[in-house]
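Peer 1: Please read through the structure below; I'll follow up with questions.
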Amino acid sequence: MAREIPYIAAVQEAIRVEMERDPTVVFYGQDVAPSDEDPLVQAFGRERVRVSPISETAEIGMAVGLALAGYRPVVELLMAEFMLVAMNQVVNEAPRLRYMSGGQVKVPAVFKAGYGFTAGWAGQHTGSIYGMFMGFPGLKIALPATPADAKGLMAAAIRDDNPVCYLINYLMVLEHGDVPEGEYVVPFGEAAVRRDGSDVTIVATGWTVGRALAAAETLAQEGIQAEVIDPRTLNPLDTATILASVEKTGRLVIADQGTRHGGASAVIAAEVAEHGFGSLKAPITQVTALDVTVPYSEPMEAYVLPNEEKIALGVRQVLGEAPVAA
Amino acid sequence: MTPDSALDAEEAHELLRTMWRIRLFEERVGQLKRNLQVHGLIHLSIGGEGVAAAVCGQLRDDDAVYSGHRAHGHAIAKGAPINGVMAELMGRDSGLCHGVGGSMHLVDTGHGFMGATGVVGGNLPLALGTALTQHLKGTDQVTVAFFGDGAVQAGHFSESINLAALWELPLIFVCENNGMAEFTSREEHSTIERVSDVVAPYGFERTTVNGSDVPAVYDAFSRFLTEARKGKGPYLLECVTYRRRGHYEGDPEKYRDPVAEQEWAERDPLARMTERAIKQGWIDEATVNAIEREAAAEIEAAVAGARESPFPDPEIARSLVYA
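Taken in order, these protein sequences are the chains called H and P. Per our numbering, residue 1 is the first one in the first sequence, and the count goes up by one each step. Per our numbering, residue 1 is the first one in the second sequence, and the count goes up by one each step.
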C-alpha cells in the first residue's frame with residue numbers, strides 16, 4: 001500500500017526498515033540523533049545509532065572498516081561538500097579495496113549527503129558535485145528524484161555490496177509523493193521513463209526531473225511531445241534506456257543541476273554522441289548550471305542555475321524553433 | 001634490554017623464525033627489484049622485523065591488522081603465506097591479490113591481514129570501523145593498526161585517535177617510530193619527539209619501548225592485548241625502530257649519512273634477539289642456523305613458484321571493480 005509522505009520521511013523510513021530487517025546495518029553521523037527521543041535511537045539504541053564528532057575522514061573511513069568486517073554502515077554527511085574533506089576515504093579506500101585485494105573483500109557502505117541546496121547557502125553548501133564521483137570506478141551514485149525513489153534507492157544502497165554515494169536534493173525534502181509501505185527496493189541502473197513523448201528526449205537528473213516534467217507540460221501546449229527520462233543512478237548509468245529513447249525521438253536535451261565540464265551531463269552527452277550518433281537529427285543540448293561556483297545573491301543564483309524555462313528553451317532549440325545562443 | 005621477560009623458549013623460537021623469514025624475504029625482494037623481477041615501488045622493513053613478529057605473533061587469525069606502505073613484514077608475521085606475498089610482488093596470478101594490488105596494497109583476509117595502504121596513515125580510520133564491529137559483537141577480537149611516525153602529523157591520525165578514545169574501541173595503535181618520515185627526520189616534522197606524548201591528553205594507556213628490543217615489545221604489547229581482549233581500549237604502543245634501508249628501494253639516501261656498521265649491529269633486532277635467546281638458554285646456535293636455512297629454502301621456493309605462475313589474465317582488471 002502506498003501513501004503520500006515527504007521525500008525526507010521516505011529516506012528515514014528506508015533506513016528504519018533496513019535496520020529492522022538486518023542487524024548489521026548501523027547509522028551514524030554528525031548531529032543525527034541529539035536526543036534519546038529520536039525515533040531511530042528509540043528503535044535501535046545508541047549502539048547502532050551514533051552521533052559522531054565532526055571528523056569526516058574518520059567517519060567515512062570507519063564505514064569502510066565496518067563494511068570490511070561484515071557490517072552495512074550508513075553515514076550521514078549532511079552536505080555533499082563535506083565529503084570533499086574526506087576524499088582519500090571516498091576515493092582511495094572505499095571503492096578501491098575490493099579491487100586492490102583481488103576481490104577478497106567487499107565494501108557495502110552508504111555515504112548519505114545532501115546537494116543542490118540553492119536557497120542562498122552559496123559556495124560551499126550548495127554544489128551539485130555528484131558528477132565528479134562518476135570518475136571513480138567502484139563507487140555507485142544514487143540520485144533520487146521522487147519520494148518513492150528516495151526510499152527504494154536507499155534500500156538498494158544499503159543492500160548493495162559496494163560503496164554508494166546516496167545524494168538527496170535539499171530543495172526536494174518536503175515534496176510529497178506516493179511511497180510504498182514496508183520493504184521497497186528500486187534496483188540500481190534502471191532509468192525511469194517519467195513521461196512518454198515522440199519529439200525529443202529530455203534526460204533529467206535529481207532535482208531537474210520535476211523541472212523537466214513541468215517544461216514538458218508547457219511544451220505539450222505548443223504541440224511538442226517530450227519524453228522525460230530519469231536515470232535514477234548515475235553509476236551504474238542506464239545508457240540503454242537513454243539510447244532507445246533517442247533512437248525514437250532523434251533529439252536529446254540533458255538537464256542537470258551540476259556544472260557542465262567533467263560533469264554528469266557531459267558523460268551522458270558523450271555516451272549518446274558515441275553510441276547514438278546515427279539517431280541524432282540535431283546536436284545535443286545541455287542545460288546545466290554555468291561553470292561557476294553557486295553565488296549567494298538570489299537573482300545571481302537563479303542566473304547560473306537551470307530551470308523550467310531554460311529546459312523548455314533547450315528543447316525548442318534542438319527542434320529548430322528557437323535560435324541557439326552563440 | 002629488559003632484564004625479565006614473559007617470553008619462554010617456544011615463543012622465542014617462534015619470534016626468531018618469523019624474524020628470519022621477514023629478513024630474508026626482504027633481502028631477496030631487494031635483489032629481485034634490482035634485477036627488475038619485482039615490478040613496482042618497494043619499501044623494505046629491514047630493522048622492523050622484531051615489532052612485526054612480537055605483535056602479530058600474539059594475534060589470532062580472527063584479529064584484524066592494518067598496515068601502511070612498509071607492509072611485507074606485517075603481512076608475513078600475521079600469517080600471510082610467503083609464496084602468495086612473493087608472487088604478488090612479482091605481479092603473478094598466484095599472488096595474494098592476483099597481482100592487482102602489489103606491494104602497497106597487500107590483503108590476506110584469511111589471516112586477518114585487512115590491508116596495507118599507499119597513503120601514509122590513510123587506513124587508520126578503517127581500523128576504527130573494524131574495532132567497532134568487535135565492540136558491537138562483544139567478541140574478544142582486537143584490531144591492530146600499524147603506522148609510522150610520519151602518519152602522526154596527518155589529520156586522519158588525530159581524528160582516529162579521538163574517536164577510538166571517545167568510543168573506547170578495542171584497538172591497539174602500534175607506531176613504528178624510525179625517526180624518518182619518507183626522506184626527512186622527525187624533528188623536521190614535529191616539535192613532539194615521542195608519539196606516545198602526542199596522544200597523552202586523550203587519557204588512554206600508552207607506552208614507548210625500544211623496537212630493537214624484541215622481548216620488550218612483546219611484553220608491552222602482551223599487556224595491552226590482555227586488556228583489549230576484554231573489550232577495553234584503545235592503547236598505543238610506540239616502538240622506536242631503525243630503518244635499515246632507504247624509504248624505497250633505489251632511494252639514493254642523500255638525506256642521511258651512511259649507517260655505521262657498529263650502529264646497525266647495536267640496533268639490529270634480529271642480531272640482538274639471537275644473542276639474547278642464546279644467552280637465556282631459549283635456543284642454541286645450531287637451531288638458529290637451522291631456522292635461517294629453512295627460511296632461505298622457503299623463500300627460494302616462493303621465488304621459483306612465482307616464476308612458474310602465469311601473469312594474471314588482464315581481463316580480471318575489469319571484472320573486479322564491483323562486488
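Just so you know, even glycine gets a beta-carbon here, dropped at the ideal spot from N, CA and C.
Exposed or buried, what is H/Asp238 when buried is set at 16 or more other beta-carbons lying within 10 Å of its beta-carbon?
Peer 2: Buried: at least 16 other Cβ atoms inside 10 Å.
Peer 1: Applying a beta-carbon distance threshold of less than 7 Å, which residues of chain H neighbour P/Glu159?
Peer 2: Ordered by position in chain H, the residues that pass the 7 Å Cβ test against P/Glu159 are Ser55, Thr57, Ala58.
Peer 1: Could you compute how far the alpha carbon of H/Asp230 sits from the alpha carbon of H/Phe82?
Peer 2: Cα-Cα distance, rounded: 26 Å.
Peer 1: Three or more beta-carbon pairs under 8 Å between the region 42-52 of chain P and the region 25-32 of chain P, yes or no?
Peer 2: At 8 Å Cβ cutoff, the stretches touch.
Peer 1: Using a Cβ-Cβ distance cut-off of 8 Å, determine whether P/Thr2 contacts chain H.
Peer 2: A caution first: P/Thr2 carries a pLDDT of 49, below 50, which makes its placement in the model too unreliable to give a value.
Peer 1: For chain P, is any of its Cβ atoms less than 8 Å away from the one on H/Tyr71?
Peer 2: Closer than 8 Å: yes.
Peer 1: Determine the closest residue to H/Val173 out of H/Leu213, H/Ala113, H/Ala192, with distance taken between C-alpha atoms.
Peer 2: The residue with the shortest Cα to Cα distance from H/Val173 is H/Ala113.
Peer 1: Drop a sphere of 10 angstroms on the beta-carbon of H/Met300, count the other beta-carbons inside from all chains shown, and report buried for 16 or more, exposed for fewer.
Peer 2: By the neighbour-count rule (16 or more Cβ atoms within 10 Å), H/Met300 is not buried but exposed.
Peer 1: Which same chain residues, not among the five before or five after H/Ala63, have their C-beta less than 6 Å away from its C-beta?
Peer 2: Excluding positions up to five away in sequence, the list reads Pro73, Val75, Ala109.
Peer 1: Cβ atoms of P/Ile82 and P/Arg23: under 8 Å apart, would you say?
Peer 2: No, they are not a contact pair.
Peer 1: Please name the residue or residues paired with P/Arg293 in a DSSP beta bridge.
Peer 2: Beta-bridge pairing links P/Arg293 to no other residue.
Peer 1: Run down chain H in chain order and give the residues with a C-beta less than 8 Å from the C-beta of P/Asn178.
Peer 2: In chain order: nothing, as chain H lies at least about 23 Å away.
Peer 1: Leaving aside the five residues before and after P/Arg245 along the sequence, list all residues of the same chain whose C-beta is less than 6 Å from its C-beta, in chain order.
Peer 2: Result list for P/Arg245: Leu44, Ile46, in chain order.
Peer 1: Which one or two residues does DSSP pair with H/Lys151 in a beta bridge?
Peer 2: For H/Lys151, which the question treats as bridged, DSSP gives no partner whatsoever.
Peer 1: Which value, in whole angstroms, describes the spacing of the CA atoms of P/Ile76 and P/His247?
Peer 2: So the alpha carbons of these two residues sit roughly 20 Å apart.
Peer 1: Pick out whichever of P/Glu168, P/Lys254, P/Ala216 has its Cα sitting closest to the Cα of P/Lys230.
Peer 2: If we check each option's Cα against that of P/Lys230, P/Glu168 comes out closest.
Peer 1: Strictly below 9 Å CB to CB, what residues from chain H border P/Asn162?
Peer 2: Ordered by position in chain H, the residues that pass the 9 Å Cβ test against P/Asn162 are Pro53, Ser55, Ala58.
Peer 1: Could you compute how far the alpha carbon of H/Ala119 sits from the alpha carbon of H/Leu66?
Peer 2: So the alpha carbons of these two residues sit roughly 35 Å apart.
Peer 1: Using the beta-carbon of each residue, which ones in chain P are nearer than 9 Å to H/Arg349?
Peer 2: Limits of chain H in this structure are 1 at one end and 326 at the other, which puts residue 349 of chain H out of reach.
Peer 1: So what's P/Phe183 in DSSP terms, helix, strand or just coil?
Peer 2: Correct three-state label for P/Phe183: coil.
Peer 1: Do you know how far the Cα of P/Glu205 is from the Cα of P/Pro234?
Peer 2: Approximately 8 Å, taken between the alpha carbons.
Peer 1: So which residues of chain P does H/Gly65 contact, with C-beta pairs closer than 9 Å?
Peer 2: Simply Ala64, Tyr66, Met114, Asn123, Pro125, Leu126, Ala127, Leu128, Gly129, Thr130, Ala131, Leu132, Thr133, Thr143.
Peer 1: Among P/Val152, P/Lys78, P/Arg223, which one has its Cα closest to the Cα of P/Ile192?
Peer 2: Nearest of P/Val152, P/Lys78, P/Arg223 to P/Ile192, Cα basis: P/Val152.
Peer 1: Which residues, taken in chain order from the region 75-87 of chain H, show a beta carbon closer than 8 Å to some beta carbon of chain P?
Peer 2: If the cut-off is 8 Å between Cβ atoms, the region 75-87 of chain H has nothing near chain P.
Peer 1: With distances taken Cα to Cα, identify the nearest neighbour of H/Ala215 among H/Asp178, H/Val253, H/Val186.
Peer 2: H/Ala215 has its Cα closest to that of H/Val253, out of H/Asp178, H/Val253, H/Val186.
Peer 1: Would you call the region 314-324 of chain H in contact with the region 276-289 of chain H, where contact means no fewer than 3 C-beta pairs closer than 8 Å?
Peer 2: Verdict: yes, contact present.
Peer 1: Just to confirm, are P/Pro269 and P/Glu49 a CB contact at a threshold of 8 Å?
Peer 2: Against a cut-off of 8 Å, the Cβ pair of P/Glu49 and P/Pro269 comes out as a contact.
Peer 1: Could you name the residues of the same chain whose beta carbon sits closer than 8 Å to that of P/His105, not counting the 5 residues immediately before and after it, in chain order?
Peer 2: Counting only Cβ-Cβ distances below 8 Å, and skipping sequence neighbours, we find Cys97, Gly115, Ala116, Thr117, Gly118.
Peer 1: Can you check whether the C-beta of H/Leu68 is within less than 8 Å of a C-beta belonging to chain P?
Peer 2: It does; some Cβ of chain P falls within 8 Å.
Peer 1: Closest by CA to P/Asp62, which one among P/Met180, P/Leu237, P/Thr133, P/His39?
Peer 2: Ranking the options by Cα distance to P/Asp62, first place goes to P/Thr133.
Peer 1: Is any heavy atom of the ligand GTP found at a distance shorter than 7 Å from the C-beta of P/Ala116?
Peer 2: Annotation note on the ligand GTP: not contained in the displayed structure, which lists no ligands.
Peer 1: Thinking C-alpha only, which one of H/Gly223, H/Ala192, H/Gly206, H/Glu183 is nearest H/Val200?
Peer 2: The shortest C-alpha separation from H/Val200 is found at H/Gly223.
Peer 1: What did DSSP end up calling H/Gln286 once you bin it into helix, strand or coil?
Peer 2: It is a strand residue.
Peer 1: Closer than 8 Å is the cut-off here; do at least three beta carbon pairs connect the region 43-53 of chain H with the region 12-28 of chain H?
Peer 2: Segments in contact, yes.
Peer 1: Quick check: what's the CA-CA separation for H/Phe133 versus H/Leu143?
Peer 2: Approximately 12 Å, taken between the alpha carbons.
Peer 1: What residues in the region 95-118 of chain H have a beta carbon less than 7 Å from any beta carbon of chain P?
Peer 2: If the cut-off is 7 Å between Cβ atoms, the region 95-118 of chain H has Leu97, Arg98, Tyr99, Met100, Ser101, Gly102, Gly103, Gln104, Val105, Lys106 near chain P.
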